[in-house]
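Sequence positions in the sequence shown follow numbering that gives the first Met the number 0 and run 0 to 321.
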Amino acid sequence: MSMKRRAFVATSLATLAAPALAQSSEWPRERPIQVIVPFPPGGGVDQMARLVMPHVQKQLPDLRYVVDNRPGAASQLGLELLYGARPDGYTIGAVVMPTLLSMALERSVRYDAKQFTFLANVVDDPGGLWVIKESRVKTLAELIEKGKSDRGAVSIGTTGVGSDDHLMIAALSQATGAQFNHVPFNGFAPLQTAVLGGHVDIGCFNMSEGLPGLRDGRLRCLGLASAQRLPVVHDVPTFNEQGFQLQAGSQRGIIGPPGLPDDIRNRLVGAFEAALASAAFKAEAERVDMPISAKVGDAYRQSVFATEGQLQQMWERSPWRD
Numbered sequence: 000m001s002m003k004r005r006a007f008v009a010t011s012l013a014t015l016a017a018p019a020l021a022q023s024s025e026w027p028r029e030r031p032i033q034v035i036v037p038f039p040p041g042g043g044v045d046q047m048a049r050l051v052m053p054h055v056q057k058q059l060p061d062l063r064y065v066v067d068n069r070p071g072a073a074s075q076l077g078l079e080l081l082y083g084a085r086p087d088g089y090t091i092g093a094v095v096m097p098t099l100l101s102m103a104l105e106r107s108v109r110y111d112a113k114q115f116t117f118l119a120n121v122v123d124d125p126g127g128l129w130v131i132k133e134s135r136v137k138t139l140a141e142l143i144e145k146g147k148s149d150r151g152a153v154s155i156g157t158t159g160v161g162s163d164d165h166l167m168i169a170a171l172s173q174a175t176g177a178q179f180n181h182v183p184f185n186g187f188a189p190l191q192t193a194v195l196g197g198h199v200d201i202g203c204f205n206m207s208e209g210l211p212g213l214r215d216g217r218l219r220c221l222g223l224a225s226a227q228r229l230p231v232v233h234d235v236p237t238f239n240e241q242g243f244q245l246q247a248g249s250q251r252g253i254i255g256p257p258g259l260p261d262d263i264r265n266r267l268v269g270a271f272e273a274a275l276a277s278a279a280f281k282a283e284a285e286r287v288d289m290p291i292s293a294k295v296g297d298a299y300r301q302s303v304f305a306t307e308g309q310l311q312q313m314w315e316r317s318p319w320r321d
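Printed below as a string of structure tokens:
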């Protein structure tokens with residue numbers, strides 16, 4: 000290659016790189032950030048994203064954002080969209096554990112969970128089993144006994160195959176030998192409608208999602224899979240109290256696509272950390288009874304993959320597919 004040709008190539012490469020560098024330095028002024036929520040509006044993940052983002056915006060005054068609900072396949076579609084997004088800081092998304100890892104055990108997914116950029120966990124919401132007020136099932140023990148004596152006769156709805164709700168039912172079945180008819184729904188809103196309408200016997204969903212129905216008398220909770228009773232629902236017993244050793248729930252946070260530049264990642268992590276620690280956010284979360292569990296950056300990533308081996312063992316003992 001001639002000297003002139005080499006100079007031309009070097010100049011061209013520098014010209015191509017310049018806009019990217021300028022864009023990084025201008026972030027996030029150029030356009031709104033897309034916050035992908037891989038579930039329909041109205042559920043716990045959607046609520047989490049919409050609650051935390053205004054407080055993150057206060058920490059980054061130039062930041063504008065739009066929440067983009069992309070439901071489907073128990074969050075798989077939205078996660079794959081996020082995974083393929085350009086790592087320019089203008090696309091982030093909500094995620095749920097253990098669903099992020101469990102889906103890759105049961106099906107082919109177009110993402111590698113370890114490659115995502117982990118920004119902040121916001122919520123740790125224990126799972127529960129919910130029935131309408133008029134249900135003939137009065138206790139968790141009655142439900143388990145029914146699941147043993149009339150295997151598959153009791154229908155339990157969840158927010159989808161591989162969701163934290165589904166995994167809780169799978170774990171309960173493995174621990175007790177009870178069998179249920181699993182009915183997956185595309186998000187919490189249609190699941191709650193089915194429970195209230197009597198189309199399924201039991202609804203499996205998280206504490207914050209069932210709390211409004213519990214307070215207005217439409218729902219009863221047979222038990223929560225939390226380590227101990229929660230003050231906000233102090234009358235609801237835990238699974239452990241009732242003789243069934245099980246803790247499960249939904250860990251909800253925000254992640255970015257692979258390869259997010261360090262400067263943008265650090266600014267986002269710092270903004271989430273400050274937002275989650277702010278008095279204004281804590282007050283708003285308390286007002287809507289959102290169970291906050293703040294972890295950011297590497298600490299969040301470590302908490303996600305701490306359960307990887309446990310999920311793998313559970314799958315090997317009894318694979319779930321429906």
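Every residue gets a Cβ at the ideal spot worked out from N, C-alpha and C, and that includes glycine.
Runs of the alpha helix (DSSP H) lying entirely within the stretch 72-126, each at least 4 residues long, are 75-82, 98-105 in chain order.
Comparing C-alpha distances from residue 100 to each of 302, 317, 316 shows the shortest one belongs to 302. Your pair residue 66 and residue 291 does not check out as a contact, with CB atoms roughly 19 Å apart and the cut at 8 Å. Rounded to whole angstroms, residue 256 and residue 297 show a C-alpha spacing of 15 Å.
One thing to note: residue 189 has its Cβ no nearer than 8 Å to the Cβ of residue 157.
When DSSP states are grouped into helix, strand and coil, residue 281 belongs to the helix group.
Taking 3 residues as the shortest admissible run, the stretch 224-306 contains the following complete beta strand (DSSP E) segments, listed from N- to C-terminal end: 248-255, 291-295.
The beta carbon of residue 117 sits closer than 6 Å to those of 254, 299, 300, all from its chain and outside the five residues before and after it, given in chain order.
Nearest to residue 314 by C-alpha distance, out of 208, 30, 249, 98, is 98.
Where residue 181 is concerned, the enclosing beta strand (DSSP E) starts and stops at 180-183. Between the C-alpha atoms of residue 133 and residue 181 there is a straight-line separation of about 21 Å. Within the stretch 163-205, complete beta strand (DSSP E) segments of at least 3 residues are found at 180-183, 201-205, given in chain order. DSSP, reduced to helix, strand and coil, places residue 314 within a helical segment of the structure shown.
Residue 44: member of the alpha helix (DSSP H) spanning 43-58, first to last residue. Contact check for residue 120 and residue 250: beta-carbon distance about 6 Å, within the 8 Å limit, so the pair qualifies. Annotation: residue 148 is outside any beta strand (DSSP E); the continuous alpha helix (DSSP H) that includes it extends over 139-148.
Around the Cβ of residue 248, a 10 Å sphere holds 16 or more other Cβ atoms; the residue is buried.
The stretch 150-168 and the stretch 277-293 do not touch, with fewer than three beta-carbon pairs separated by less than 8 Å. Going by DSSP, residue 67 is part of the beta strand (DSSP E) stretching over 64-68.
For residue 136, no beta strand (DSSP E) encloses it, and the DSSP letter there is neither H nor E.
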